[in-house]
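Going by the working numbering, the sequence shown opens with residue 28, and the numbers climb by one from there. Glycine included, C-beta positions come from ideal geometry on N, C-alpha and C. No experiment lies behind these values; they were computed from the predicted model shown.
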Amino acid sequence: MPQPGKASVLEGLDLSKSFKGRRVVNQVTVRVQQGEIVGLLGPNGAGKTTTFYLITGLILPDNGRVLLDGHDLTRAPMYRRARIGIGYLAQEPSIFRKMTVEENILAILETRDLNREERQRRLERMLDELSIKHLRKSRAYALSGGERRRLEITRALVSEPKFMLLDEPFAGVDPIAVHDIQTIVAGLRHRGIGVLITDHNVEQTLDIVDRAYIM
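Right, dumping it as structure tokens:
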């Protein structure tokens, strides 16, 4: 792990993956440090989402390595990567639709080793910081695309990740709400979180990244 005061680094080195003989990811290398936002851009079929899957442990690479501060995580299961700080926000909805906003957040908080009072304190803080306190009693299925994204990001932040991989965070979000999501994502930088982001809307993505890889 990094020395005190030194930022953590997440790397995918020379990652390759084939499905049924078709090379989907070909020797891709990406590096992201805590406190920076890095874009992973390219056309449909370039392998962006598959690269995310390889880094988070949803699938294993045919070749290449995944490192966190030099420690090899290539064969580590997804849950272990999550526990040591690698968060993932999928393009598909990842909330419990029939639960309220606060119930969705508490469902994640209850997986943490916290007493009831601390869970409640964190819930209130997250509702405030992500500006969704007014939605706390709303059922998730009633949320707009932008509100749903904010809830998903809130849930991901509950586990206090060092890194977050955001796959198409602007998808299904109305143009007005996109600016709000951009602001939230940009704010992750100030939390010391390293962000790897991909989205079809290149302009909106480039507005908030520090640098980008093109696939």
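Nearest-angstrom Cα separation, counted from residue j out to residue i
i           : j           : result
residue 50  : residue 201 : 34 Å
residue 56  : residue 159 : 36 Å
residue 125 : residue 171 : 14 Å
residue 180 : residue 156 : 11 Å
residue 122 : residue 97  : 33 Å
residue 217 : residue 173 : 21 Å
residue 241 : residue 226 : 12 Å
residue 169 : residue 142 : 30 Å
residue 154 : residue 234 : 26 Å
residue 54  : residue 68  : 15 Å
residue 95  : residue 144 : 32 Å
residue 133 : residue 58  : 32 Å
residue 93  : residue 165 : 39 Å
For residue j and residue i, believed in contact at Cβ under 8 Å, the rounded distance
i           : j           : result
residue 167 : residue 118 : Contact doesn't hold; Cβ gap of about 17 Å is too wide.
residue 102 : residue 87  : 7 Å
residue 100 : residue 194 : The Cβ separation is near 19 Å, so there is no contact.
residue 176 : residue 131 : About 13 Å separates the two Cβ atoms, so there is no contact after all.
residue 163 : residue 128 : 5 Å
Candidates the options, of which the one nearest residue i by Cα
i           : options              : result
residue 239 : 170, 66 and 33       : 66
residue 70  : 229, 121 and 43      : 229
residue 213 : 136, 58, 48 and 62   : 62
residue 231 : 206, 132 and 215     : 206
residue 85  : 54, 93 and 105       : 105
residue 135 : 184, 169, 68 and 227 : 184
residue 91  : 44, 133, 59 and 64   : 44
residue 215 : 60, 93 and 139       : 60
Cβ neighbour criterion (16 or more within 10 Å) applied to residue i
i           : result
residue 34  : exposed
residue 72  : exposed
residue 48  : exposed
residue 210 : exposed
residue 76  : buried
residue 203 : exposed
beta-carbon residue i near the ligand SAH non-hydrogen atom, thresh 7 Å
i           : result
residue 235 : You won't find the ligand SAH in this model; it holds no ligand whatsoever.
Quiz item: So does the region 103-123 actually touch the region 184-193, counting three or more Cβ pairs closer than 8 Å?
Solution: Taking a cut-off of 8 Å on C-beta distances, the region 103-123 touches the region 184-193, as three or more cross pairs fall below it.
Quiz prompt | Validate contact between the region 31-40 and the region 78-87 using beta carbons, cut 8 Å, 3 pairs | solution = yes
Exercise. Say whether the region 139-150 touches the region 220-227, bearing in mind that this needs 3 or more beta-carbon pairs closer than 8 Å, one atom from each stretch.
Key: no
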